[in-house]
Structures are given as C-alpha cells and as structure tokens.
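One structure is given below, encoded as structure tokens.
Residue numbers (the UniProt record's numbering): 1 to 87.
Below, the structure is given as structure tokens:
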C-alpha cells in the first residue's frame with residue numbers, strides 16, 4: 001500500500017515559517033506532517049491519546065537504593081595564578 005502525501009494549503013511550517021511547504025500523510029496509527037523546505041517533522045496519534053513521556057526502564061526508573069544526587073557547590077573558590085618557569 002503506497003502512502004499518499006498531500007500538501008496542506010495555507011499551512012505555515014512551525015520551524016522555518018514558510019507557507020505551503022507542509023505536507024501530511026497517515027499510516028495505521030499516526031498522522032504525520034513534514035516541511036519539504038527545512039525538514040521539520042512531527043506526528044500525532046489518530047486515537048487522540050498523548051504519547052508516553054518516557055518508557056520506564058531499569059536505567060530511567062527510580063530506585064530506592066540509589067544515592068542522592070550530588071549538589072553543586074556554587075560558592076566562590078580562590079584560585080592561584082602560577083607563573084611559568086623557564087628551563
């Protein structure tokens with residue numbers, strides 16, 4: 001089955017701001033739009049549900065045994081400027 005891509009009359013690309021460069025097409029689950037000038041692309045689910053933010057994995061999930069994140073020390077620190085020695 002070939003996908004039929006159609007230009008959207010009067011549509012303005014959100015990235016480059018050009019008019020009449022955005023085309024749209026659908027597959028089984030999503031509606032896609034893309035700009036032929038700058039390459040911008042995004043898609044929406046046809047059922048209207050939002051995309052999951054991030055799938056929880058063993059790396060991204062919260063762990064209770066994980067140590068608390070280190071806090072950056074933003075206090076002023078003295079520095080010492082050293083003069084180069086000649087050999």
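Where is the CB? At the ideal position from N, CA and C, for every residue including glycine.
Considering only the alpha carbon of each residue, which of the options lies closest to residue i?
{"i": "residue 8", "options": "80, 20 and 51", "result": "20"}
{"i": "residue 3", "options": "17, 85 and 25", "result": "25"}
{"i": "residue 33", "options": "13, 80, 77 and 73", "result": "13"}
{"i": "residue 28", "options": "87, 85 and 45", "result": "45"}
Check residue i in the structure and name its three-state DSSP category.
{"i": "residue 35", "result": "strand"}
{"i": "residue 72", "result": "coil"}
{"i": "residue 7", "result": "strand"}
{"i": "residue 23", "result": "strand"}
{"i": "residue 44", "result": "strand"}
{"i": "residue 49", "result": "coil"}
{"i": "residue 30", "result": "strand"}
Since residue i and residue j are thought to touch, with beta carbons under 8 Å apart, how far apart are those beta carbons, to the nearest angstrom?
{"i": "residue 15", "j": "residue 35", "result": "7 Å"}
Check this for me: beta carbons of residue i and residue j, under 8 Å apart or not?
{"i": "residue 23", "j": "residue 43", "result": "no"}
{"i": "residue 5", "j": "residue 18", "result": "no"}
Going along the chain, which residues of its own chain have a beta-carbon closer than 8 Å to the beta-carbon of residue i, five neighbours each way excluded?
{"i": "residue 41", "result": "32, 33, 34 and 35"}
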